[in-house]
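Peer 1:
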């Protein structure tokens with residue numbers, strides 16, 4: 001199998017917000033799409049993701065979103081160590097089609113409720 005690349009989209013500067021209906025959303029943040037950065041699924045690592053985030057400003061935590069899971073709360077996965085990166089790479093290998101975009105979110109707050 002040849003190299004497989006993905007385009008990363010980072011959501012940053014926002015926060016997790018729980019609406020009165022219970023839905024959890026990422027709100028009030030910016031979106032940065034890294035079209036010019038080739039990310040090989042087989043060599044992706046936490047250090048590279050942190051560097052991309054640091055290029056956007058401060059860095060606190062990195063999560064990836066499994067877009068196949070309908071609820072944000074259960075689809076959001078924190079990247080802390082090697083096993084988390086392996087889980088992300090496995091998910092990308094199964095779900096990346098061509099140059100499919102993968103969403104990486106920086107969200108480090110406890111969900112706030114809004115009325």
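In the UniProt record's numbering, the protein residues as written are 1 to 115.
Note that the Cβ used here is the ideal one computed from N, Cα and C, for glycine as well.
Predicted model only: the values in this text are computed from it and were never measured.
1) Which whole-angstrom value describes the C-beta separation of residue 89 and residue 41, a residue pair presumed to lie in contact below a C-beta threshold of 8 Å?
2) What does DSSP give as the partner residues of residue 68 in its beta bridges?
3) Express the C-alpha separation of residue 95 and residue 10 in angstroms, rounding to a whole number.
4) Just confirm the distance between the C-beta atoms of residue 62 and residue 72, as a whole number of angstroms; I'd bet it's less than 8 Å.
5) Give me the Cα-Cα distance between residue 109 and residue 57, rounded to the nearest whole angstrom.
6) CA-CA distance, residue 30 and residue 15?
7) Look up residue 116 in the DSSP assignment and say whether it is helix, strand or coil.
8) Does residue 99 pass the burial test, meaning 16 or more other C-beta atoms within 10 Å, or should it be called exposed?
9) In angstroms, rounded to a whole number, what distance separates the CA positions of residue 43 and residue 86?
10) Could you say which of 69, 74, 65 and 34 lies nearest to residue 52 if we only look at CA atoms?
Peer 2: In brief:
1) Right, the Cβ-Cβ distance comes to about 6 Å (below 8 Å), so this counts as a contact.
2) In the DSSP output, where bridge partners are listed per residue, residue 68 has none listed.
3) About 18 Å.
4) Contact between residue 62 and residue 72 does not hold, since their C-beta atoms are separated by about 16 Å, which reaches or exceeds 8 Å.
5) In this prediction, residue 109 scores a pLDDT of 43, lower than 50, which makes its location untrustworthy; the coordinate-derived value is nonetheless stated afterwards. Using only the alpha carbons, I get a separation of about 17 Å.
6) Roughly 11 Å separates the two Cα atoms.
7) No information on residue 116 is available, as it lies outside the stretch 1 to 115 that the chain covers here.
8) For residue 99, the predicted model reports a pLDDT of 49, less than 50, meaning its position is unreliable; a value from the coordinates is still stated below. Label assigned to residue 99: exposed.
9) Each residue's alpha carbon lies about 10 Å from the other.
10) Looking at the Cα atoms, 34 is the closest of the given residues.
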